[in-house]
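Chains as they are written, first to last, in the numbering used here: chain A, 1 to 271; chain B, 272 to 473; chain C, 474 to 576; chain D, 577 to 730.
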């Protein structure tokens, strides 16, 4: 055994000691965080986005002056109940696997005749600049509350999207060597005080996926899964993930499929 | 690399979700580059992998054999540069700032500002700071428990400089090797860990 | 035109329980945007609630009320079917009034 | 961010030329002079209390101040106050360590319960105070809220 090896053992032993000593304190702070969350009750500002989304869904707009009520999210034109819980999925008309947001872009451009540049102008809201896509996503997702996530992965393109998402999940890159898996492949871990879901298991994936979109109190904004992925990748020190890209949809498919059977509870309220 | 290792690693990572779908995506780096765009200092070349990143991606961070383990640690240990003046310990107060700062190298960060080490994201350090993460081991009382033997200092320096020098496919960034922290910042972090006056050792 | 409030007003015994969510940035004037420029202050300064011509709540706010404010209070004298009206005013001269039926 | 500026000016523009001129002037300098209520401009607890006409106040267990021990994010801290003191006229919320201590004042007319719940920004770990004006004097309750740091990149 080399000197260095012995020091590693020493480090390991001390680590165990340290961990066992600090356990009660950890529980206290985690309980306190739970109490903080409990104080929000059912009063979630996400409802303000849902209201705006409903208005946008039902208002005739674009060059064709039609509402989104004929938009097919996979369960037939205009059906929103439970639709979010079955996305992403393969769409015959576009020949693509789409998540809710990319599907909404399709409906807004093809069905309503809104220019794509206008639809995509504000993907994510910031203070006075509001995003239509976030509002409509909140409205549609809320119509899946209580629905079970059902991702059968029947179509070959859906399988390919999952495989891509899974590969990206473990892909280590950037100056910090981070992959999604760096923070999300073990259970019971946390960053600072935030518990990290283990996204490789159904339990962890369900806990996370069923609660997006979410109102982020840190930003005072409603955020969608596309935002969640972009922002994780930003913190991984990677470049800008393209909205609606195959990688974004692949990662969403990976998470959604892993969360299969989970009960949708979005929009939720999160840090 | 032996393909049975990959299957084992896959099983370990996947838990109850063992899928038969995991056909490797042929040129993942190119696929990724097509789905990303440059954003300020976060440019597409960050998606290129070095050998350690490639290996750890293939292994999904589960290193199955001592041969592979040694291959990775040897390769990374070779990158570790000791402090130019031979002094490992800087200023613990400056080290506390590095340990508490999470910004640096994100597309949203100001490149003119020093990068953070974000130690608290993953490690317990000063017993008074309760907002610490648990992805890494607790480092509470680090110096108090270990003393300042030159070998102890050299080992800790290596871990900060390049975590993969002892922990292959570690979750911890290779702060010195990848140019995240400057030599002075790493010395300051070392002081935060070892200095008797540092809050870590109270 | 500011977005509508979401108001819930429910009888709890003889008390009306009011819960309001307002859509507002509540900018403090001290936050910097991505370009490093100060974002101008813009926040609600005044909230009033009236029921059957009577003011049942009057609040004065500063910039440290959270973005998209939540506000709850309780009053007596209302009944199912009565209208409750809430108005806010902000630093930029913006205002919004919404009315809800107590149930 | 350009759009925010346009929106801001557009909004004030609708209020008339004078307001727009004022707004653009503010924009180039600093933005928080719009609030002229002195109590909200106070920069110390004492000053803020004086500005709302409070000089003496005493601790009371008849004021129930609910706030979390730890706020996972200081941008949104739920605060709830119930006063059991007879003749409660108003409830005021203050955050000691904020740049401006006074957060909100609530007038409690006859017939309205001495209860309010809202959410406040708390810049750092701080005492949160509920000051209650009654017919029999001014009382207060306080609670420390710890604000923690979070996230992988912040």
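For glycine and all other residues, C-beta sits at the position ideal for the given N, C-alpha and C.
Between the stretch 158–178 of chain A and the stretch 129–142 of chain A, do at least 3 Cβ pairs fall closer than 8 Å? In short, these stretches do not touch, since the Cβ pair count stays below three.
Between residue 349(B) and residue 194(A), what straight-line distance do the alpha-carbon atoms span, to the nearest angstrom? Taking the second chain and counting its residues from 1, the one referred to as residue 349(B) is at position 78. Taking the first chain and counting its residues from 1, the one referred to as residue 194(A) is at position 194. In this structure, the CA atom of residue 349(B) is about 35 Å from the CA atom of residue 194(A).
Skipping 5 residues on each side, what residues in its chain have a beta carbon closer than 6 Å to that of residue 108(A)? In the first chain, residue 108(A) corresponds to position 108, counting from 1. Contacts found: 114, 119.
Can you name, in chain order, every residue of its own chain whose Cβ lies under 7 Å from the Cβ of residue 663(D), other than the five neighbours on each side? Walking along the fourth chain from the start, residue 663(D) turns up at place 87. Cβ neighbours of residue 663(D) beyond the five flanking positions: 710, 711, 712.
Using CA coordinates, which residue listed in 299(B), 345(B), 377(B) is at the minimum distance from residue 438(B)? In the second chain, counting from the first residue as 1, residue 438(B) sits at position 167. It is 345(B) whose Cα lies nearest to the Cα of residue 438(B).
For residue 529(C), three-class secondary structure by DSSP: Within the third chain, numbered from 1, the residue matching residue 529(C) stands at position 56. The three-state secondary structure of residue 529(C), taken from DSSP, is strand.
Proximity to residue 141(A) [Cα-Cα], best of 205(A), 129(A), 161(A), 87(A): For the purposes of this step, residue 141(A) is taken as the residue at position 141 of the first chain. The candidate whose alpha carbon is nearest that of residue 141(A) is 87(A).
By Cβ distance, which residues of its chain are closer than 8 Å to residue 397(B), with the 5 residues on each side in sequence left out? For the purposes of this step, residue 397(B) is identified with residue 126 of the second chain, where counting begins at 1. Counting only Cβ-Cβ distances below 8 Å, and skipping sequence neighbours, we find 367, 411, 469, 470, 471, 473.
Report the three-state DSSP secondary structure of residue 213(A) (helix, strand or coil). One-based indexing of the first chain puts residue 213(A) at position 213. Note: residue 213(A) maps to coil in three-state DSSP.
Apart from the five residues just before and just after residue 423(B), which ones in its own chain have a Cβ nearer than 7 Å to its Cβ? Here residue 423(B) refers to the residue found at position 152 when the second chain is read from its first residue. Residues of the same chain with a CB within less than 7 Å of the CB of residue 423(B), apart from the 5 flanking positions on each side, are 417 in chain order.
Please list, in chain order, all residues of the same chain as residue 479(C) whose beta carbon is under 6 Å from its beta carbon, the five residues on each side excluded. Residue numbering aside, residue 479(C) sits at position 6 when the third chain is read from its first letter. Within the same chain, 494 come within 6 Å of residue 479(C) by CB-CB distance, once the 5 residues on both sides are set aside.
Please classify residue 38(A): is it buried, with 16 or more other beta-carbons within 10 angstroms of its beta-carbon, or exposed? In the first chain, residue 38(A) corresponds to position 38, counting from 1. Classification for residue 38(A): exposed.
Is it the case that the Cβ atoms of residue 707(D) and residue 668(D) are separated by a distance below 9 Å? Position 131 of the fourth chain, counting from 1, holds the residue named residue 707(D). Position 92 of the fourth chain, counting from 1, holds the residue named residue 668(D). In contact: residue 707(D) and residue 668(D) (Cβ atoms closer than 9 Å).
Round the Cβ separation of residue 99(A) and residue 225(A) to the nearest angstrom and send it over; I've been treating them as touching at under 8 Å. Within the first chain, residue 99(A) is the residue found at index 99, counting from 1. Within the first chain, residue 225(A) is the residue found at index 225, counting from 1. The beta carbons of residue 99(A) and residue 225(A) sit about 7 Å from each other, so the pair counts as a contact at 8 Å.
Within the present structure, is the beta-carbon of residue 344(B) separated from the nearest heavy atom of the ligand GTP by less than 8 Å? The ligand GTP is not among the ligands present in this structure, which contains no ligands whatsoever.
Below 8 Å on the Cβ atoms is my guess for residue 250(A) versus residue 161(A); work out the distance and round it to an integer in Å. The residue you call residue 250(A) lines up with position 250 of the first chain. The residue you call residue 161(A) lines up with position 161 of the first chain. Right, the Cβ-Cβ distance comes to about 5 Å (below 8 Å), so this counts as a contact.
Buried or exposed, going by whether 16 or more other CB atoms sit within 10 Å of the CB of residue 95(A)? If you number the first chain from 1, residue 95(A) lands on position 95. Exposed: under 16 other Cβ atoms inside 10 Å.
Between the beta-carbon of residue 91(A) and the beta-carbon of residue 74(A), is there less than 9 Å? As a working mapping, residue 91(A) is identified with position 91 in the first chain. As a working mapping, residue 74(A) is identified with position 74 in the first chain. In this structure, residue 74(A) lies closer than 9 Å to residue 91(A) by Cβ.
Candidates 35(A), 262(A), 229(A): closest to residue 206(A) by CA position: The count along the first chain starts at 1 and reaches residue 206(A) at position 206. If we check each option's Cα against that of residue 206(A), 262(A) comes out closest.
In terms of residues, what are the limits of the beta strand (DSSP E) holding residue 756(D)? What is shown of chain D runs 577 to 730, which leaves residue 756(D) out entirely.
What residue does the beta strand (DSSP E) around residue 717(D) start on, and which one ends it? Reading the fourth chain from its first residue, position 141 is the one you call residue 717(D). Per DSSP, residue 717(D) belongs to the beta strand (DSSP E) from 713–723.
DSSP three-state label for residue 27(A), please. Looking up residue 27(A) in the first chain gives position 27. Note that residue 27(A) scores a pLDDT of 48, beneath 50, so its modelled location is shaky and nothing firm can be said.
With C-beta atoms as the reference, is residue 36(A) less than 9 Å away from residue 646(D)? Against the first chain, residue 36(A) aligns to sequence position 36. Against the fourth chain, residue 646(D) aligns to sequence position 70. Yes, the pair counts as a contact, with Cβ atoms nearer than the cut-off.
With 16 other Cβ atoms within 10 Å as the buried cut-off, status of residue 532(C): If you number the third chain from 1, residue 532(C) lands on position 59. It counts as buried.
Kindly list, in the order they appear in chain C, the residues whose Cβ is closer than 7 Å to that of residue 213(A). Here the question's residue 213(A) lines up with position 213 in the first chain. Ordered by position in chain C, no residue passes the 7 Å Cβ test against residue 213(A), which lies about 15 Å from the chain.
Name the residue from 701(D), 677(D), 666(D), 703(D) whose alpha carbon lies nearest to the alpha carbon of residue 686(D). In the fourth chain, the residue the question calls residue 686(D) occupies position 110. Among 701(D), 677(D), 666(D), 703(D), the Cα nearest to that of residue 686(D) is on 666(D).
Does residue 516(C) come out as helix, strand or coil in the three-state DSSP assignment? Counting from 1 along the third chain, the entry for residue 516(C) is found at position 43. Coil.
Specify whether the stretch 452–461 of chain B and the stretch 349–358 of chain B touch according to this definition: at least 3 beta carbon pairs, one from each stretch, less than 8 Å apart. Between the stretch 452–461 of chain B and the stretch 349–358 of chain B there are three or more C-beta pairs closer than 8 Å, enough to call the two in contact.
Please check if any C-beta of chain A sits within less than 9 Å of the C-beta of residue 496(C). The sequence position of residue 496(C) within the third chain is 23, counting from 1. By this cut-off, residue 496(C) is an interface position.
Pair within 9 Å by beta-carbon distance, residue 474(C) and residue 541(C): For the purposes of this step, residue 474(C) is taken as residue 1 along the third chain, with counting starting at 1. For the purposes of this step, residue 541(C) is taken as residue 68 along the third chain, with counting starting at 1. No, the Cβ-Cβ distance between residue 474(C) and residue 541(C) is not below 9 Å.
Chain A within 9 Å of residue 649(D), Cβ atoms only: Position 73 of the fourth chain, counted from the first residue, corresponds to residue 649(D). Under the 9 Å criterion on CB atoms, residue 649(D) is classed as interfacial with respect to chain A.
Here's a check: name, in chain order, each residue in its chain whose Cβ is nearer than 6 Å to the Cβ of residue 165(A), leaving out the five neighbours to either side. Counting from one through the first chain, the residue named residue 165(A) turns up at place 165. The beta carbon of residue 165(A) is closer than 6 Å to those of 250, 251, 253, 254 in its chain, skipping five residues each way along the sequence.
Find the nearest neighbour of residue 200(A) within the set 40(A), 54(A), 110(A), 184(A), judged by alpha-carbon distance. Sequence index remark: in the first chain, residue 200(A) carries index 200 (1-based). Ranking the options by Cα distance to residue 200(A), first place goes to 184(A).
From this set, 190(A), 239(A), 266(A), 267(A), which residue's C-alpha is nearest residue 307(B)'s C-alpha? What you label residue 307(B) is simply residue 36 of the second chain in a count that begins at 1. Among 190(A), 239(A), 266(A), 267(A), the Cα nearest to that of residue 307(B) belongs to 239(A).
Please list the terminal residues of the continuous alpha helix (DSSP H) segment that includes residue 225(A). For this step, residue 225(A) is matched to residue 225 along the first chain. Its alpha helix (DSSP H) spans residues 225–235.
Separation of residue 143(A) from residue 331(B), as counted between CA atoms: In the second chain, counting from the first residue as 1, residue 331(B) sits at position 60. In the first chain, counting from the first residue as 1, residue 143(A) sits at position 143. Their Cα atoms are separated by approximately 37 Å.
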